[in-house]
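*Asks:* Residue numbers (full-length UniProt numbering): 1 to 376.
Idealized CB from N, CA, C, for every residue including glycine.
One structure follows; several queries about it will come next.
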């Protein structure tokens, strides 16, 4: 991954390249961006530039032995740490056990999300993935060795938000007294879930959402679609490059369909259908459950724009616009406020392992009451 492979974000690229040129490199950096954004790609491009033996002022060469090894994910001085789960095939949840899969995963695309990785690993049921304390303790041994080829040994932690309290504290001790030749790069989308002491010991690198124009051009080139469709997708995905690529390569709108079916059951007061949907919801992976709730908030936000005469703010695909237009006619600002508050509450409880079927059915009944309540 090189800087030129990432759409837009020129200011961030320049800042990182100049840091290498001026040898002003913090020993612990926190790359933060939106879900499915460019933070993992940017972190890799930065490491590639740092290790490159024939770099230019703006980018790595892409052809030297170091660049080639990083492209294949086999550079001896780059250590990966990422969330893992126990599966039928792998009984030890640690990064090394999944390294071959991880290499394939990022080589397919560096614009990734945790739900994609969980699916790639074959996570079952409600397993959410985490970085256990044993993993962070093993880092001490890994970083005790001097770099083989590069100027630094780099430890890249992807989704450090999944560190539990013990693992976070173990990492903190390592960050406080790292070897002089070790560089830590934490790549995350939800920094508010990290320990504040970890945040305070890292230099933040903000990797913002890619501009709509830059993402549109990227999709036209990468996904080979027409500019109009690319623009619609870029607007709708709000900086989530992973989602944009998925929508570019597929007409799969399963989440949209599921949500529409759910709302139709609420509109029709179809209690048996709501029970059925709660059972379906219970059978989904935890990340997919949270994805449906996040999508629900997205649609309610679009409906709020519609009824507030702010249709210019609507960010929906063409297939969603008709639904938003019709659905918003049945809502009011008060109803949307009450519904979104409840959905956010359920999202909170799901993250804390509440029984999905119970909270979803409770949510459905609440939405039904609000939806059919008379407007004040």
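Tell me which same chain residues have a C-beta within less than 7 Å of the C-beta of residue 204, skipping the five on either side of it?
*Replies:* Within the same chain, residue 204 has close Cβ partners 30, 32.
*Asks:* DSSP state of residue 307, grouped into three classes?
*Replies:* Residue 307 falls in the helix class under three-state DSSP.
*Asks:* What is the rounded straight-line gap between the Cα of residue 285 and the Cα of residue 164?
*Replies:* The alpha-carbon atoms of residue 285 and residue 164 are separated by roughly 20 Å.
*Asks:* Tell me whether residue 306 counts as near the ligand GTP, meaning its Cβ is closer than 8 Å to at least one heavy atom of that ligand.
*Replies:* Questions concerning the ligand GTP fall outside what the structure shown contains, since it holds no ligand whatsoever.
*Asks:* Assign residue 188 to one of three DSSP states: helix, strand, or coil.
*Replies:* Reduced to three states, the DSSP call for residue 188 is strand.
*Asks:* The beta strand (DSSP E) that contains residue 204, what's its start and end?
*Replies:* 203-206 is the span of the beta strand (DSSP E), which, as asked, contains residue 204.
*Asks:* Counting Cβ pairs, one atom from each stretch, are 3 or more of them under 8 Å apart for the region 75-92 and the region 153-170?
*Replies:* The answer is yes - the region 153-170 touches the region 75-92, with three or more Cβ pairs under 8 Å.
*Asks:* Under 8 Å: do the region 95-108 and the region 167-181 share three or more Cβ pairs, one atom per stretch?
*Replies:* Contact between the region 95-108 and the region 167-181 is absent, because fewer than three Cβ pairs lie under 8 Å.
*Asks:* Report yes or no: do the region 288-299 and the region 252-270 share at least 3 C-beta pairs separated by less than 8 Å?
*Replies:* Touching, per the Cβ criterion.
*Asks:* For residue 209, which residues in the same chain have their Cβ closer than 7 Å to its Cβ, ignoring the five residues on either side in sequence?
*Replies:* For residue 209, where only same-chain residues beyond five positions count, the Cβ hits under 7 Å are 34, 37, 238, 239.
*Asks:* Which residues does DSSP list as the beta-bridge partners of residue 29?
*Replies:* 185, 203.
*Asks:* Answer yes if the region 43-62 comes into contact with the region 119-136, meaning at least three C-beta pairs across the two stretches below 8 Å, and no otherwise.
*Replies:* Contact between the region 119-136 and the region 43-62 is absent, because fewer than three Cβ pairs lie under 8 Å.
*Asks:* For the beta strand (DSSP E) that contains residue 153, what are its first and last residues?
*Replies:* That run of the beta strand (DSSP E) goes 153-158.
*Asks:* Confirm, please, whether the CB-CB distance from residue 302 to residue 324 is below 9 Å.
*Replies:* A contact, by the Cβ cut-off of 9 Å.
*Asks:* Since residue 218 is in the alpha helix (DSSP H), which residue starts that stretch and which ends it?
*Replies:* That run of the alpha helix (DSSP H) goes 212-222.
*Asks:* Does DSSP put residue 15 in a helix, a strand or coil?
*Replies:* Residue state, collapsed to three classes: helix.
*Asks:* Apart from the five residues just before and just after residue 202, which ones in its own chain have a Cβ nearer than 7 Å to its Cβ?
*Replies:* Result list for residue 202: 28, 29, 30, 186, in chain order.
*Asks:* Mapping the DSSP letters down to three states, classify residue 236 as helix, strand or coil.
*Replies:* Helix, per DSSP.
*Asks:* Taking DSSP as the reference, what is the three-state secondary structure of residue 326?
*Replies:* It is helical.
*Asks:* To test your reading of the DSSP string, which unbroken alpha helix (DSSP H) runs of 4 or more residues are found completely within the region 330-354?
*Replies:* Counting whole runs of 4 or more residues, the region 330-354 contains the alpha helix (DSSP H) stretches 333-351.
*Asks:* How should residue 248 be labelled, buried or exposed, when 16 other C-beta atoms within 10 angstroms of its C-beta is the threshold for buried?
*Replies:* Buried, since its Cβ has 16 or more Cβ neighbours within 10 Å.
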